[in-house]
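Reading through the structure tokens given below for one structure.
There are 2 protein chains.
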Amino acid sequence: MQLTQIEIRRLRYFVAVAEQRSFRAAALHLHISQPPLTRQIQQLEAVLEVTLFERLPRGVELTEAGRVFYVEARNILDLTQQAVDRVRLAGEGRLGRLDVGTFGSAVLSTVPTIMLAFRRGYPRVEITLHNMRRDEQLKALRERRLTVGFNRFFEDEPGLTWEVVKREKLMLAVHEDHPLARTESVSLKALAGEQFIAFPHANPGSPGFSERARAILAEFNVEPAGILEVDDVTSAASLVSGGFGLSLVTESSAVLQLPGVVYRRFEESGEFRFDLAMIYRSDDDSSLLRAFIEAVRSIRGEHGWVRAGGAADTRPLSTN
Amino acid sequence: MQLTQIEIRRLRYFVAVAEQRSFRAAALHLHISQPPLTRQIQQLEAVLEVTLFERLPRGVELTEAGRVFYVEARNILDLTQQAVDRVRLAGEGRLGRLDVGTFGSAVLSTVPTIMLAFRRGYPRVEITLHNMRRDEQLKALRERRLTVGFNRFFEDEPGLTWEVVKREKLMLAVHEDHPLARTESVSLKALAGEQFIAFPHANPGSPGFSERARAILAEFNVEPAGILEVDDVTSAASLVSGGFGLSLVTESSAVLQLPGVVYRRFEESGEFRFDLAMIYRSDDDSSLLRAFIEAVRSIRGEHGWVRAGGAADTRPLSTN
DNA sequence: TTAGATTGATACCGTTTGAATATTGATGAC
DNA sequence: GTCATCAATATTCAAACGGTATCAATCTAA
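Residue numbers (my numbering), protein chains in the order written: chain C, 155 to 474; chain A, 155 to 474.
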């Protein structure tokens, strides 16, 4: 039988049942009665040709296929709502909306600086910041949930274009009472035997700050006494403030002025760059993104965010 | 008025009109007549509270808001198709995640062999290996945190089904300078008075490798001079390599080729089997698990992992 | 063990929604 | 001015959807 197509309503019903793990509870939540819900889910299963729920004596549970579909359905519902929001903004004559992906240390000063400056020229653009990891940003860009992402990219991504926004040096966050805080700059080799606070490894196949920092330590044969892992640079600074150890951070993290925490340059730091980059869809030729990129380039120039460079492997500042 | 929600159908209609720049042409393309198309677009415009098309004497043209919505709508339709494709793949067991419990010596060669082979047929299944003890595996299986576990099971567990993957003989890990290393095979009785490296007792009520090995020694009246306990087979092999004693291990541990460590069969070894088994929920009838079980059976056959057997108390290779 | 409660599935019915046909209105081509 | 083209409107009919009543299976409590 040529059953009806996939419809948003069915997706809403499915997501409700999946989240409530119960037809009855979901029906209450949806303000409909339970029998039609059962039927709609059955039709959905018929169209998809898979079983989405395992019916248990008490409630239901998602099958493996159901779990896969849940992720997709959630995403579609979110995008639908986003589409409505965007088209209404556009209808009101506003320029549009810009979804920006950021991460830990970028939101501390670099991204806010950019946003403030961009807002001056485009006051009617609605900007939303989304804190997400690099892999989440890439996924969101591909699904058009993000317009542009900020992160540390070291490898090319098909379909996406990236461009260095700021060249940052490696710095040491250390407690002011620590012996290493006594001088203006520190040698990497002096870090041997210290307690480190580090960030967890990113997903494999896509090296991030953490991997590069550890590689540098290994290159200089610095063996830490121990490594404490934390989720973000703010937590790391808190632990440094509490005297739990020292941490490798980037320049822009130095705006975090927690009690007792001081930042020191490395004598060797000229050799290491931790580029902050922005990334966007190569096929996105919207005037809004073009304007944003232009604004970033202009801000980058004003603040001299890229003059540090020098290494031969330097990526071109702009690619297209 | 609370008009009908956004529906996929409307998006399809909208995209068709936007691409054809004509209601008539779009209606033909959609295999419907023109009037309902007009009405659906009107409803869509009412819900969105924007005008999507500029009606011209000859055909229509997208407004600025319409262009914004077109990008969104295209994307949602693409993702919907992708969702259908993916959930169908998942229904066939070709997409999803598989959490696999393993332990010390199983991860050395057996489990990797299985994973590599399974991956060839099911490249889009995400496999995660979790190193955990037998009791942890059982608990995780009951809580559905694991799909399948690999371990040495000697007793039935309610609600779970297990199946022998590989029959392994007991072997002796010994330093090449040790007198017992001089012959190809060793008698169990010759172990009396030796220094042993053993694994800790498992939790009570669920005997594992360690208990069986000690029981065999007791059966042959072999009294060790001392027992050094280590956590896993890799540590045991390291100690053997260092000349701290000898250790009872299974065949698959022999892939650990540490300096000075050699492996010897036992003259009596035919009598003792240390079956490596996989265990899973009896009520899990997901196609992913079925596919995995089939893959393991096929690999088991190819490699002849079960031909050794022979004892009367041999458990059937397959239970269901 | 039995009685009641809970939960999903089924049957049936009325209302809503969507699509088809016929028609109208507006605009441009000749 | 007449015809052709295209979208909008009116009306009718069928399909889809949701509601009530009810059933079957299972779990809980006395």
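In this text, a Cβ means the ideal position worked out from N, Cα and C, and glycines have one as well. A quick note: this is a predicted structure, and the numbers were derived from the prediction, not measured.
Interface residues of chain A facing residue i [CB-CB closer than 9 Å]
{"i": "C/Ile351", "result": "Ordered by position in chain A, no residue passes the 9 Å Cβ test against C/Ile351, which lies about 26 Å from the chain."}
{"i": "C/Glu297", "result": "Asn229 and Leu233"}
Helix, strand or coil at residue i according to DSSP, with G and I counted as helix
{"i": "A/Asp289", "result": "helix"}
{"i": "A/Phe177", "result": "helix"}
{"i": "C/Ser187", "result": "coil"}
{"i": "C/Met305", "result": "Looking at the sequence shown, residue 305 of chain C is not Met but Asn. Strand."}
{"i": "A/Thr337", "result": "coil"}
{"i": "A/Ala465", "result": "Low confidence applies here, because A/Ala465 scores a pLDDT of 38, under 50, leaving its location unreliable; read the following figure in that light. Coil at A/Ala465, not helix or strand."}
{"i": "A/Gly347", "result": "coil"}
{"i": "C/Arg278", "result": "coil"}
{"i": "A/Ile433", "result": "strand"}
{"i": "C/Leu252", "result": "strand"}
{"i": "C/Arg212", "result": "coil"}
{"i": "A/Val204", "result": "coil"}
{"i": "A/Arg240", "result": "helix"}
{"i": "A/Phe426", "result": "coil"}
{"i": "A/Leu471", "result": "Low confidence applies here, because A/Leu471 scores a pLDDT of 40, under 50, leaving its location unreliable; read the following figure in that light. Residue state, collapsed to three classes: coil."}
{"i": "C/Gln159", "result": "coil"}
{"i": "A/Val169", "result": "helix"}
{"i": "C/Arg299", "result": "coil"}
{"i": "C/Asp232", "result": "helix"}
{"i": "A/Pro378", "result": "coil"}
{"i": "A/Glu365", "result": "helix"}
{"i": "A/Ser389", "result": "helix"}
{"i": "A/Ser263", "result": "coil"}
{"i": "C/Ser440", "result": "coil"}
Nearest candidate by alpha-carbon position, reference residue i, set the options
{"i": "C/Tyr417", "options": "C/Asp429, C/Val394 and C/Ser436", "result": "C/Val394"}
{"i": "C/Asp385", "options": "C/Ala344, C/Phe363, C/Glu377 and C/Glu405", "result": "C/Phe363"}
{"i": "A/Ser406", "options": "A/Arg212, A/Gly399 and A/Arg419", "result": "A/Arg419"}
{"i": "C/Arg278", "options": "C/Val261, C/Leu243, C/Asp310 and C/Phe304", "result": "C/Leu243"}
{"i": "A/Phe353", "options": "A/Ser187, A/Arg298, A/Phe257 and A/Ala179", "result": "A/Phe257"}
{"i": "C/Phe223", "options": "C/Pro266, C/His185 and C/Arg164", "result": "C/Arg164"}
{"i": "C/Val261", "options": "C/Arg435, C/Leu430 and C/Ile453", "result": "C/Leu430"}
{"i": "A/Ser452", "options": "A/Glu173, A/Ile160 and A/Met269", "result": "A/Met269"}
{"i": "C/Ala327", "options": "C/Ala237, C/Ile351 and C/Arg306", "result": "C/Ile351"}
{"i": "C/Ala408", "options": "C/Thr264, C/Leu252, C/Asp232 and C/Glu297", "result": "C/Thr264"}
{"i": "A/His185", "options": "A/Leu443, A/Val171 and A/Ala445", "result": "A/Val171"}
{"i": "C/Glu203", "options": "A/Ala271, A/Lys293, A/Asp239 and A/Glu215", "result": "A/Asp239"}
{"i": "A/Ile230", "options": "C/Ile160, C/Arg306 and C/Leu206", "result": "C/Ile160"}
{"i": "A/Arg298", "options": "A/Ser441, A/Asp253, A/Leu324 and A/Ser389", "result": "A/Asp253"}
{"i": "C/Ala372", "options": "C/Leu345, C/Gly396 and C/Ser392", "result": "C/Leu345"}
{"i": "C/Lys250", "options": "C/Ser389, C/Phe426 and C/Leu443", "result": "Residue identity differs from the one stated: residue 250 of chain C is Gly in this sequence, not Lys. Residue C/Leu443 is the option with its Cα nearest to C/Gly250."}
{"i": "C/Phe272", "options": "C/Val460, C/Gly458 and C/Arg454", "result": "C/Arg454"}
{"i": "A/Tyr349", "options": "A/Thr315, A/Pro312, A/Glu317 and A/Gly396", "result": "In the sequence as displayed, the identity of residue 349 of chain A is Gln instead of Tyr. Ranking A/Thr315, A/Pro312, A/Glu317 and A/Gly396 by Cα distance to A/Gln349 puts A/Gly396 first."}
{"i": "C/Ser436", "options": "C/Leu314, C/Ala335 and C/Glu330", "result": "C/Leu314"}
{"i": "C/Asn375", "options": "C/Arg221, C/Glu215 and C/Lys343", "result": "C/Lys343"}
{"i": "C/Ser401", "options": "C/Ser440, C/Glu199 and C/Val340", "result": "C/Val340"}
{"i": "A/Arg306", "options": "A/Pro413, A/Arg288 and A/Thr337", "result": "A/Arg288"}
Rounded distance between the beta-carbons of residue j and residue i, thought under 8 Å
{"i": "A/Ile162", "j": "C/Ile162", "result": "6 Å"}
{"i": "A/Arg303", "j": "A/Ile447", "result": "The question names Arg, yet the displayed sequence has Gly at residue 303 of chain A. Not a contact, Cβ separation roughly 13 Å."}
{"i": "A/Ala379", "j": "A/Gly347", "result": "5 Å"}
{"i": "C/Leu206", "j": "C/Phe168", "result": "7 Å"}
{"i": "C/Ala390", "j": "C/Gly275", "result": "Not quite, the Cβ-Cβ distance comes to about 35 Å (not below 8 Å), so this is no contact."}
Residues bridged to residue i (per DSSP)
{"i": "A/Val403", "result": "A/Met325"}
{"i": "C/Ala352", "result": "C/Glu383"}
{"i": "A/Leu283", "result": "A/Val254"}
{"i": "C/Trp316", "result": "C/Ile433"}
{"i": "C/Phe420", "result": "C/Val340"}
{"i": "A/Val415", "result": "A/His329"}
Partner residues on chain A for residue i, Cβ-Cβ distance less than 7 Å
{"i": "C/Arg242", "result": "Leu202, Glu203 and Val204"}
{"i": "C/Glu317", "result": "Ordered by position in chain A, no residue passes the 7 Å Cβ test against C/Glu317, which lies about 22 Å from the chain."}
Chain-ordered chain C contacts of residue i [CB-CB under 8 Å]
{"i": "A/Gly250", "result": "Glu218, Ala219, Arg221 and Val222"}
{"i": "A/Arg163", "result": "Gln159 and Glu161"}
{"i": "A/Gly303", "result": "Those within 8 Å of A/Gly303 in chain C number zero; the least Cβ separation is about 17 Å."}
{"i": "A/Gly245", "result": "Leu202, Glu203, Val204, Thr205 and Ala219"}
Contacts that residue i makes with chain C (C-beta to C-beta distance below 7 Å)
{"i": "A/Asn285", "result": "Chain C residues near A/Asn285: none, gap ~17 Å exceeds 7 Å."}
{"i": "A/Thr234", "result": "Ile160 and Ile230"}
{"i": "A/Val238", "result": "Ile160 and Leu202"}
{"i": "A/Ser440", "result": "Thr217 and Glu218"}
Chain-ordered neighbours of residue i on chain C, where CB pairs are closer than 9 Å
{"i": "A/Glu226", "result": "Leu233, Thr234, Gln236, Ala237, Val238, Arg240, Val241 and Arg298"}
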